[in-house]
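Asker: Taken in sequence, the protein lines are chains A and B. Counting in this note's numbering, the first sequence runs from 2 upward without gaps. Counting in this note's numbering, the second sequence runs from -2 upward without gaps. Below is a structure I'd like to ask you about.
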Amino acid sequence: MSATAADIQDSHDHHGPAHTGIKRWLFTTNHKDIGTLYLVFSLIMLFVGGAMALIIRAELFQPGLQFVDPDFFNQMTTLHALIMVFGMIMPAFAGFANWMIPLMIGAPDMALPRLNNWSFWLLPCAVILLASTLFMPGGAPASGWTMYPPLVLQTGDAFPFLIFAVHLLGISSIMAAINIIVTILNMRTPSMSLLQMPLFVWSWLITAYLLIAVMPVFAGGVTMLLMDQFFGTSFFQAAGGGDPVLFQHIFWFFGHPEVYIIILPSFGIISQVIPTFSRKPLFGHDAMVYATASIAFLSFIVWAHHMFTVGMPLAGQMFFMLSTMLIAIPTGVKIFNWTATMWEGSLSFETPMLFAIAFLFLFTIGGFSGLMMAMAPLDFQYHDTYFIVAHFHYVLVPGALFGAIAGCYYWLPKWTGHMYDERLGKIHFWLSAIFVNLTFFPQHFVGLAGMPRRIPDYAVQFTNFNAMSSIGAFGFGFSQLLLVYVIYKCVKSGQKATAEVWDNPEGLEWTVPSPAPHHTFDEAPLYTPRHH
Amino acid sequence: MTIDDKKLRRKIRMNAIILGLVAVAFFVTFIVLTALKG
Chain A
2 MSATAADIQD SHDHHGPAHT GIKRWLFTTN HKDIGTLYLV FSLIMLFVGG AMALIIRAEL
62 FQPGLQFVDP DFFNQMTTLH ALIMVFGMIM PAFAGFANWM IPLMIGAPDM ALPRLNNWSF
122 WLLPCAVILL ASTLFMPGGA PASGWTMYPP LVLQTGDAFP FLIFAVHLLG ISSIMAAINI
182 IVTILNMRTP SMSLLQMPLF VWSWLITAYL LIAVMPVFAG GVTMLLMDQF FGTSFFQAAG
242 GGDPVLFQHI FWFFGHPEVY IIILPSFGII SQVIPTFSRK PLFGHDAMVY ATASIAFLSF
302 IVWAHHMFTV GMPLAGQMFF MLSTMLIAIP TGVKIFNWTA TMWEGSLSFE TPMLFAIAFL
362 FLFTIGGFSG LMMAMAPLDF QYHDTYFIVA HFHYVLVPGA LFGAIAGCYY WLPKWTGHMY
422 DERLGKIHFW LSAIFVNLTF FPQHFVGLAG MPRRIPDYAV QFTNFNAMSS IGAFGFGFSQ
482 LLLVYVIYKC VKSGQKATAE VWDNPEGLEW TVPSPAPHHT FDEAPLYTPR HH
Chain B
-2 MTIDDKKLRR KIRMNAIILG LVAVAFFVTF IVLTALKG
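The structure is reproduced here in C-alpha cells:
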C-alpha cells in the first residue's frame, strides 16, 4: 500500500534549513520547524489565556465586584476559553503531531509541507484578530465561547471579527488534519503496517478524521450566525421561523467531538510515556486502538448531553444519557490498560512519568464527574453550575494539558539534544499537581451547592471555596513560569542527550540522533516491531 | 523534500482533495439541513 517512502528523494544538497533568521521561520516547510512554531505559539497562548483566567479568579476571590465590570468579566470568560481551546491546547498537539508523526512512521516530512506552513501561520493572524476585539467599541465577545444566539448577536462591533477569527482557526485545523491523514496513509515506511503504528500516531489519525467532520459544521454554524446578523436570514431567530436551540444542536454536534479532538492526542502521548517508564510494552495495544476509534465514533452521538435542560423530549434525553454512559466504556478500557501496563513493570518516576500518572488519576476524577452529569435528571441540577466547570477543567487541565506537558518533557531531549533539569521538572510537577487540585476540586462543592457559572459575583456562602480556588489558580499560573525556564535552560544547555534518551524506549524517533537532524529518514528505515 | 514518485504525488493530491471535499460537504450539508428545518 505505501511502497512510497523509499521513492522520496531529498533534493537539497545542504542538510540545514533553506533560509536563516526570520525567513527561516516564515517560509519553513520543515515539519520540525513547524512543530516548534506551533509549540512556542501555544506556550505563549498558555500565558495569554492564563492571564485572563487570573483576572477571572481575582474577581472571584471574594464576593462583590472588586476589579472588573461584569461585561468585561464576561469578555474574559469568553476569550479565556476561545484562546485556551483554539490557541493553546489544539496548536500544542498540532505541534507534537508535526514534530513526532514523521519521526514515528519513518517519513522524511509531512505529505503537504507548504500547506503545513499555512496551517500554522493562520493561527497568529486569527488570534491577533480575536484579541484586537478587546480594543473595539463594545469590547470583545462576551457571550461565552459557546456563542449562543440571541445573546451573541448583541456582541457589537466585534461580532464579524469573532466569526472571521473562528473561520481562520477552523481552516487551520482542517488543513492540518488533511495533512496528517495523508501523511500517515501514504508516507509510512513500508515495513510498518497500520496496526504496528505507535498509539500517538493512531490517536492523531483518528483525531484528524474527527476534525475534518466537525470543524466544517462549526464553521457552518457560525456562518449562519453571521447571515442572521447581516443578511436578514432567520436560521436561529424565532421571529423569522427559526430556532435558537437549533444553534445549540449544531454547536454541540461540533463541540462534543471537539473535546475528544482535544483529549485523544493527550491519550496518545500517555500511551507513549507510560510503557517507556514501566519498561513494559503497552498492555493491549490493539484494544487501545479500537477503544480510541470507538470513542471517536461514539462522540458523534452524545452531543445533546450539553443541552439536557433545553426542553428535549424524554426519548431524546434517554438516548443521549445512554450513549453518554456508553462512551465511558472504551475510556475505561484505556484507563485500565494504562494501569495494567504499569502493573509489575520496572517503574521509574522521571518527570514525564509523574505527569502521566497524575493524568491517570486526575483525568479519571474528571471522568467520574462526567458520568454523574450523563444522568439527565441529575444534570438538571448540575447544568450551568460550577460542577460543570470543575468537570471540564479536570479533564482539560490535568487531562489534556498534563498529557501535553508529559510529552514536552519526554521529547525535549530529542528536540534540543540536551536533558532537561530533572530536579526543576519535578518541582514543576509537584507545584502544578497540588495547585491544580486546589483550584478545581473546591469548584465541585460550590457547584453542587448551587453556584452558577459565568458570574462575576456570587452569594456569600460560596466565599471560602472560591477563595481557595483563586489561590490555587494563581499558584498554578505562576508555577508554569517554571516550565518556561526548564525549556529555556534545556534549549541552551544541559547534559548531552543520546539518541535513545530513555532506557530502551520503543519507536523510530529514538533511532535518530538527539537533537534530531533538520532532515531525517531520507531513506525509509526498516521497522522491526519488538512485540506481536 | 521533493517527492519524485509521480504516482505517490498524485495519490497524495487525490487524498487531500477528497478529504477537502468531505469537509466542504459537512459544511454545506449542515447549512442546508438547518435552512430546510426553518
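Beta carbons: idealized from backbone N, C-alpha and C, even for Gly. If you're wondering where the values come from, they're calculated on a predicted model, not measured in any experiment.
Please identify, using Cβ separations under 8 Å, the residues of the stretch 7 to 21 of chain B that lie next to chain A, in order along the chain.
Answerer: Within the stretch 7 to 21 of chain B, the residues whose Cβ lies closer than 8 Å to any Cβ of chain A are, in chain order, LYS8, ILE9, ASN12, ALA13, LEU16, GLY17, VAL19, ALA20, VAL21.
Asker: Applying the 10 Å Cβ sphere with the 16-neighbour rule, what's the burial state of VAL29 of chain B?
Answerer: The residue you call residue 29 of chain B lines up with position 32 of the second sequence. Counting Cβ neighbours within 10 Å, VAL29 of chain B comes out exposed, since fewer than 16 surround it.
Asker: Please confirm whether VAL398 of chain A has its beta-carbon closer than 9 Å to some beta-carbon of chain B.
Answerer: Stepping through the first sequence from its first residue, residue 398 of chain A is reached at position 397. Contacts with chain B at 9 Å (Cβ-Cβ) do not include VAL398 of chain A.
Asker: Does the distance from the C-beta atom of LEU348 of chain A to that of ARG280 of chain A stay below 9 Å?
Answerer: Within the first sequence, numbered from 1, the residue matching residue 348 of chain A stands at position 347. Within the first sequence, numbered from 1, the residue matching residue 280 of chain A stands at position 279. Yes; because the gap between Cβ atoms is below 9 Å, this pair is in contact.
Asker: For the alpha helix (DSSP H) that contains LYS490 of chain A, what are its first and last residues?
Answerer: Position 489 of the first sequence, counted from the first residue, corresponds to residue 490 of chain A. Run containing LYS490 of chain A: 464 to 493, per the alpha helix (DSSP H) assignment.
Asker: Any idea if LYS335 of chain A is buried or exposed, counting beta-carbon neighbours within 10 angstroms, 16 or more meaning buried?
Answerer: To locate residue 335 of chain A, count along the first sequence from 1; it is residue 334. Buried, since its Cβ has 16 or more Cβ neighbours within 10 Å.
Asker: Taking the CB atoms as reference points, tell me whether PHE27 of chain B and PHE254 of chain A lie closer together than 9 Å.
Answerer: Working through the second sequence from its first residue, we reach residue 27 of chain B at position 30. Working through the first sequence from its first residue, we reach residue 254 of chain A at position 253. Yes, these two residues count as a Cβ contact at 9 Å.
Asker: With DSSP run on the structure shown, which of helix, strand or coil describes HIS532 of chain A?
Answerer: As a working note, residue 532 of chain A is residue 531 in the first sequence. HIS532 of chain A falls in the coil class under three-state DSSP.
Asker: Who are the Cβ neighbours of THR1 of chain A in its own chain at under 8 Å, not counting the five residues just before and after it?
Answerer: Residue 1 of chain A is absent from the model: chain A starts at 2 and stops at 533.
Asker: Would you tell me roughly how many angstroms separate the C-alpha atoms of SER3 of chain A and LEU413 of chain A, rounded to the nearest one?
Answerer: Counting from one through the first sequence, the residue named residue 3 of chain A turns up at place 2. Counting from one through the first sequence, the residue named residue 413 of chain A turns up at place 412. Caution is warranted here: a pLDDT of 42 is assigned to SER3 of chain A, below 50, making its placement in the model unreliable, and the coordinate value is therefore given only provisionally. If I take the Cα positions, the gap works out to 30 Å.
Asker: By how many angstroms is the C-alpha of THR365 of chain A removed from the C-alpha of PRO64 of chain A?
Answerer: Mapped onto the first sequence, residue 64 of chain A falls at position 63. Mapped onto the first sequence, residue 365 of chain A falls at position 364. Approximately 31 Å between the Cα atoms of the pair.
Asker: Which residues in chain A have a C-beta closer than 9 Å to the C-beta of LEU33 of chain B? List them in chain order.
Answerer: Mapped onto the second sequence, residue 33 of chain B falls at position 36. The premise fails here: LEU33 of chain B is roughly 11 Å from chain A at the closest Cβ pair, so nothing lies under 9 Å.
Asker: How is HIS81 of chain A classed by DSSP in three states: helix, strand or coil?
Answerer: Translated into the one-based positions of the first sequence, residue 81 of chain A becomes position 80. DSSP places HIS81 of chain A in helix when its eight states are reduced to three.
Asker: I'd like to know if ASP244 of chain A contacts chain B, where contact means its C-beta is closer than 9 Å to some C-beta of that chain.
Answerer: Position 243 of the first sequence, counted from the first residue, corresponds to residue 244 of chain A. Interface flag for ASP244 of chain A against chain B is set, since a Cβ pair is found closer than 9 Å.
Asker: What's the call for ASN505 of chain A, buried or exposed, on a 16-neighbour Cβ count within 10 Å?
Answerer: Taking the first sequence and counting its residues from 1, one reaches residue 505 of chain A at position 504. So ASN505 of chain A counts as exposed.
Asker: Where does LYS281 of chain A sit, in a helix, a strand or coil, going by DSSP?
Answerer: Start at 1 with the first residue of the first sequence, and residue 281 of chain A comes out as number 280. In the structure shown, the three-state DSSP call for LYS281 of chain A is coil.
Asker: In this structure, how does DSSP classify PRO276 of chain A when only helix, strand and coil are distinguished?
Answerer: Taking the first residue of the first sequence as 1, we reach residue 276 of chain A at position 275. Helix at PRO276 of chain A.
Asker: Pick helix, strand or coil for SER3 of chain A, following the three-state DSSP scheme.
Answerer: Position 2 of the first sequence holds residue 3 of chain A. Residue placement at SER3 of chain A cannot be trusted, given a pLDDT of 42 that sits under 50; what the coordinates show is reported in the next sentence. Looking at SER3 of chain A - three-state DSSP - the assignment turns out to be coil, as it is neither helix nor strand.
Asker: Answer yes if the stretch 387 to 399 of chain A comes into contact with the stretch 239 to 257 of chain A, meaning at least three C-beta pairs across the two stretches below 8 Å, and no otherwise.
Answerer: no
Asker: What residue range does the alpha helix (DSSP H) around THR352 of chain A cover?
Answerer: The residue you call residue 352 of chain A lines up with position 351 of the first sequence. 352 to 375 is the span of the alpha helix (DSSP H), which, as asked, contains THR352 of chain A.
Asker: Give the C-beta separation of TYR395 of chain A and PHE441 of chain A to the nearest angstrom, bearing in mind that I take them to be a contact with Cβ-Cβ under 8 Å.
Answerer: Here the question's residue 395 of chain A lines up with position 394 in the first sequence. Here the question's residue 441 of chain A lines up with position 440 in the first sequence. Distance from TYR395 of chain A to PHE441 of chain A at the Cβ level is roughly 6 Å; contact confirmed, criterion being Cβ atoms closer than 8 Å.
Asker: ALA98 of chain A versus chain B: which residues are under 9 Å apart at the beta carbon?
Answerer: Position 97 of the first sequence, counted from the first residue, corresponds to residue 98 of chain A. The premise fails here: ALA98 of chain A is roughly 15 Å from chain B at the closest Cβ pair, so nothing lies under 9 Å.
Asker: Locate the alpha helix (DSSP H) running through ALA497 of chain A, then write down its first and last residues.
Answerer: Taking the first residue of the first sequence as 1, we reach residue 497 of chain A at position 496. Reading the sequence as shown, one finds Lys at residue 497 of chain A and not Ala. Segment: none, LYS497 of chain A is in no alpha helix (DSSP H) and carries neither H nor E.
Asker: For THR224 of chain A, return the contacting residues in chain B, with the cut-off set at a CB-CB distance below 9 Å.
Answerer: For this step, residue 224 of chain A is matched to residue 223 along the first sequence. Going along chain B in sequence order, the residues near THR224 of chain A (Cβ under 9 Å) are PHE24, ILE28.
Asker: So who's on the other strand from PRO453 of chain A, going by DSSP bridges?
Answerer: By one-based count along the first sequence, residue 453 of chain A stands at place 452. DSSP lists A:THR386 as the bridge partner or partners of PRO453 of chain A.
Asker: Report the residues of the stretch 207 to 218 of chain A with a CB closer than 8 Å to any CB of chain B, ordered along the chain.
Answerer: ILE213, ALA214, VAL215, MET216, PRO217, VAL218
Asker: If you follow the alpha helix (DSSP H) that LEU206 of chain A is part of, which residue opens it and which one closes it?
Answerer: Numbered from its first residue, the first sequence carries residue 206 of chain A at position 205. Here the alpha helix (DSSP H) through LEU206 of chain A covers 200 to 231.
Asker: DSSP puts HIS1 of chain A in a beta bridge; with which residues?
Answerer: Shown here, chain A extends from 2 to 533; a query on residue 1 of chain A therefore has no answer.
Asker: Beta-carbon of LEU413 of chain A versus every beta-carbon of chain B: anything under 9 Å?
Answerer: Here the question's residue 413 of chain A lines up with position 412 in the first sequence. Answer no: the Cβ-Cβ gap between LEU413 of chain A and chain B never drops below 9 Å.
Asker: So, are the CB atoms of VAL274 of chain A and ALA407 of chain A less than 9 Å apart?
Answerer: As a working note, residue 274 of chain A is residue 273 in the first sequence. As a working note, residue 407 of chain A is residue 406 in the first sequence. Result yes, Cβ atoms of VAL274 of chain A and ALA407 of chain A sit closer than 9 Å.
Asker: Taking the alpha carbon of VAL215 of chain A as the reference point, which residue from A:VAL260, A:LEU432, A:LEU195, A:PHE237 has its own alpha carbon closest?
Answerer: For the purposes of this step, residue 215 of chain A is identified with residue 214 of the first sequence, where counting begins at 1. It is A:VAL260.
Asker: Among A:GLY222, A:GLN249, A:LEU212, A:PHE284, which one has its Cα closest to the Cα of LEU265 of chain A?
Answerer: In the first sequence, counting from the first residue as 1, residue 265 of chain A sits at position 264. Between LEU265 of chain A and the set A:GLY222, A:GLN249, A:LEU212, A:PHE284, the nearest pair of CA atoms involves A:LEU212.
Asker: Pull the bridge partners of ILE336 of chain A from the DSSP assignment, please.
Answerer: For the purposes of this step, residue 336 of chain A is identified with residue 335 of the first sequence, where counting begins at 1. Paired residue(s): none; ILE336 of chain A is not in a bridge.
Asker: Ordered along the chain, which non-local residues of its own chain (more than five positions away) have a Cβ less than 6 Å from that of PHE446 of chain A?
Answerer: As a first step, residue 446 of chain A must be located in the first sequence, where it is residue number 445. PHE466, listed in sequence order.
Asker: In whole angstroms, give me the CA-to-CA distance for GLN462 of chain A and LEU163 of chain A.
Answerer: As a first step, residue 462 of chain A is located in the first sequence; it is residue number 461 there, counting from the start. As a first step, residue 163 of chain A is located in the first sequence; it is residue number 162 there, counting from the start. C-alpha separation (whole angstroms): 36 Å.
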